[in-house]
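Residues 8 to 99 (the numbering used here) make up the sequence shown, in order.
Here is the structure we will look at.
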Amino acid sequence: QDRRFYSGKAQLDAIKKHNKTTYNGDIIYLKSEVLKGRILNLKGWWNDMFFGFGEVCKGHFDAYVIGGEHNDVLKNKNAHQIIKTKMLNVNE
């Protein structure tokens, strides 16, 4: 219970201090299939094709749903191939 309270308080403090800035570069966004907000029918970026980054990303935005759990995204071979192709211009 204490941990949940502390986590929630830390998030609220961070939100209050945050100053939104734009990013002019390109973004490659790799996402898991974990969509708890959609499952819980919460409002927000769950159904947004830019996952909430549209207002800050001024460059090209590529989003990929990789699958798996949140902590497994960068372990996925599909993620490796996307990164090689998009960032290093390597096609295998």
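Ideal Cβ placement from N, Cα and C applies to all residues, glycine included.
All values derive from a computational prediction rather than experimental measurement.
Out of the options, point me to the one whose CA is closest to residue i's CA.
i: Leu95; options: His25, Val80, Ile35, Gln18; result: Ile35
i: Gly66; options: Val80, Ile90, Asn31, Glu40; result: Asn31
i: Lys38; options: His87, Ala70, Asn98, Lys84; result: Ala70
Quick one: grab the DSSP three-state call for residue i.
i: Phe12; result: helix
i: Val63; result: coil
i: Ile34; result: strand
Please report the straight-line C-alpha distance between residue i and residue j, rounded to a whole angstrom.
i: Arg11; j: Glu40; result: 24 angstroms
i: Asn98; j: Asn85; result: 12 angstroms
i: Thr92; j: Leu81; result: 15 angstroms
i: Ile22; j: Gly15; result: 11 angstroms
i: Thr29; j: Gln18; result: 21 angstroms
i: Cys64; j: Ile89; result: 19 angstroms
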